[in-house]
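The structure under discussion appears below in the form of structure tokens.
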Amino acid sequence: MSIETPPQTTAPVTTAQPRLNYGKASPAALQAMFALQLAVNKTGLEKPLMELVKLRASLLNGCAFCIDMHFREARKAGESEERLYLLSAWQETHDLYTAREKAALRWTDALTKLAGHHVSDELFEEASGHFTDEEMTNLTLAIVAINGWNRFSVGFAMPIRYQG
């Protein structure tokens, strides 16, 4: 028996509303977030890696809006469904992700779950073994940005596919 994949459809834009439209409430805050995201987009880190990092942080933060967005963005960029749906258990997948991706995901996990935890020298050394100093800085900036977006979306209950 085979399981059929449902046909791909364009997801409708939601009619649900967030608790607060932060872009309208404070255009300066939204502009600052967009400036941060623009800096992240110019880091030169490979797009598939960046989408894995964004999706992983969003999974950890329970941000439905960002999970939906980054899953779709990763698929458009050619990422496999298998690697995306197994991202929540990436540590158990062995050879599904590269050593560089695993280092980035470990770094993402540590910085996203920072409260009450220490980022060890060993973790830093492992990650920096796969990334240059500039890449480590840029990867960290990307993690900072997605965690910021997650907090806006979760805090204000941003519905998936909201375009208001």
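Going by our numbering, the first residue of the sequence shown is number 106, and it counts up by one from there. In this text, a Cβ means the ideal position worked out from N, Cα and C, and glycines have one as well.
Assuming residue i and residue j form a contact by the criterion Cβ under 8 Å, report the distance between their Cβ atoms to the nearest whole angstrom.
i, j, result
"Pro153", "Met263", "Not quite, the Cβ-Cβ distance comes to about 25 Å (not below 8 Å), so this is no contact."
"Asn126", "Val259", "The pair is not a contact, with the Cβ atoms about 15 Å apart (cut-off 8 Å)."
"Arg205", "His235", "4 Å"
How long is the line joining the alpha carbons of residue i and residue j, rounded to whole angstroms?
i, j, result
"Asp238", "Tyr267", "37 Å"
"Thr120", "Leu141", "28 Å"
"Cys168", "Gln136", "21 Å"
"Ser193", "Val158", "11 Å"
"Trp212", "Leu228", "7 Å"
"Thr242", "Trp254", "19 Å"
"Asn257", "Gly128", "The sequence shown places Phe at residue 257, rather than the Asn named in the question. Their Cα atoms are separated by approximately 10 Å."
"Ala133", "Ala247", "20 Å"
"Ser185", "Thr203", "14 Å"
"Cys171", "Lys147", "20 Å"
"Ser131", "Ala232", "36 Å"
"Val224", "Val249", "15 Å"
"Glu178", "Gly221", "32 Å"
Just to confirm, is the Cβ distance from residue i to residue j under 8 Å?
i, j, result
"Leu160", "Glu240", "no"
"Arg180", "Leu201", "no"
"Leu244", "Ala215", "no"
"Thr217", "Ala144", "no"
Indicate, with yes or no, if the ligand MG has a heavy atom lying under 7 Å from the CB of residue i.
i, result
"Asn146", "Annotation note on the ligand MG: not contained in the displayed structure, which lists no ligands."
Quick check on the DSSP output: the alpha helix (DSSP H) that includes residue i runs from which residue to which?
i, result
"Trp212", "204–217"
"Asp238", "238–260"
"Pro153", "152–166"
"Ala130", "127–130"
Run through DSSP, which three-state label would residue i get?
i, result
"His223", "coil"
"Asp173", "helix"
"Arg266", "coil"
"Leu141", "helix"
"Lys147", "coil"
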